[in-house]
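Each residue of the sequence shown is one higher than the last, beginning at 1 in this note's numbering.
Inspection log for the structure reproduced underneath, given as structure tokens.
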Amino acid sequence: MSREYPIIAVTGSSGAGTTTVKRTFERMFSREDVHAAFVDGDAFHRYTREELARIFREEPERKDQLSHFAVEANLLDRLEALFHEYGEHGTGTFRHYIHAEDKQMIEAGYQVGTFTEWQPLPCGTDLLFYEGLHGGLVTAEHDIARHVDLLVGVAPTMNLEWIQKIDRDIKMRGYSQEAVIDTILGRMDDYVRYIQPQFSRTHINFQRVPTVDTSNPFEVQDIPNDAESFVVIRFRDPSTVDFPWLLAMIQDSFMSRPHTLVVPGARMSLAIELILAPLVRHLLAQRRFR
């Protein structure tokens with residue numbers, strides 16, 4: 001955490017809840033007058049939705065090789081180059097991937113499953129904020145994690161993650177339940193190979209654990225609400241955390257291990273802000289000092 005242009009990355013699987021954490025960061029940035037460059041990990045997919053569908057029609061055997069989790073299906077060289085350039089100079093290029101919920105982009109003429117043109121990041125930003133699949137990725141060819149100053153993992157229990165993905169993709173993106181389940185199963189090898197190892201590299205992990213029955217995630221059901229869950233928060237370096245203060249500030253929280261805080265799900269946003277706001281201030285204080 002010493003560069004002039006810091007990078008914060010929130011990493012997690014599809015449906016994990018990284019967008020919820022992003023919104024908490026957005027509120028925090030607004031309150032602290034932090035000007036962030038926002039980058040979406042989906043923008044670094046290699047193929048449009050139609051290009052990917054065409055590949056699968058022509059080469060069905062590649063369906064299990066080109067999930068969005070896989071290295072081959074993403075422009076990881078461009079993502080790593082962006083992180084490197086931003087960390088050195090505060091500049092870089094990015095684009096947007098269009099989802100069904102991006103109503104303004106669709107009204108502007110973009111099609112779901114396509115990209116905008118590459119464009120420069122805004123000038124004069126204080127930090128870069130990345131939300132996506134590969135913020136903590138390390139492979140033989142790429143080491144994206146080394147560019148990140150604050151790496152945050154979002155990893156609900158597996159069944160809850162699947163329930164959230166199924167619910168979102170059906171209600172917001174128009175997929176059938178069968179199609180979503182096929183996607184989950186097709187990505188499993190890449191999930192284990194590329195996504196899960198990132199959570200051992202994060203500075204902080206947030207894992208939501210339901211307190212209701214989610215034993216069959218493929219049965220259509222409501223997502224457990226915040227009051228029906230706890231959030232397990234693991235710190236890589238507990239020596240930097242004021243646990244007595246957090247326990248006093250977050251009602252009904254407790255320690256399950258020396259590096260792990262557990263909070264009621266309804267207080268997740270409060271916990272995120274209390275934990276991460278000081279770290280963001282520290283990043284920016286170092287930047288301004290330099």
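Using N, Cα and C, we set each Cβ at its ideal position, and we do this for glycine too.
Classification of residue i by the beta-carbon crowding that lies within 10 angstroms, buried from 16 upward
i      : result
Glu161 : buried
Leu185 : exposed
Arg234 : buried
Glu117 : exposed
His35  : exposed
Val212 : exposed
His89  : exposed
Ser13  : buried
Val192 : exposed
Glu51  : exposed
Gly41  : buried
Ala227 : exposed
Residue i, DSSP secondary structure in three states
i      : result
His45  : strand
Val71  : helix
Gly87  : helix
Asn225 : coil
Glu131 : strand
Thr18  : helix
Pro120 : strand
Phe218 : coil
Leu274 : helix
Gly153 : strand
Asp64  : coil
Ile144 : coil
Pro6   : coil
Residues bridged to residue i [DSSP beta-bridge criterion]
i      : result
Met255 : Leu261
Asp40  : Glu131
Tyr310 : Within the shown structure, residues of the chain are numbered from 1 to 290, placing residue 310 beyond reach of any answer.
Phe206 : Val154, Ile233
Given 8 Å as the limit, is there contact between the region 213 to 220 and the region 161 to 179, that is, 3 or more CB pairs closer than that? Touching, yes.
Report yes or no: do three or more beta-carbon pairs, one from the region 194 to 209 and one from the region 134 to 150, lie closer than 8 Å? Flag = yes, the region 194 to 209 and the region 134 to 150 touch.
So, do the region 264 to 278 and the region 247 to 256 have three or more beta carbon pairs nearer to each other than 8 Å? Yes, the region 264 to 278 is in contact with the region 247 to 256.
Report yes or no: do three or more beta-carbon pairs, one from the region 116 to 131 and one from the region 79 to 99, lie closer than 8 Å? At 8 Å Cβ cutoff, the stretches touch.
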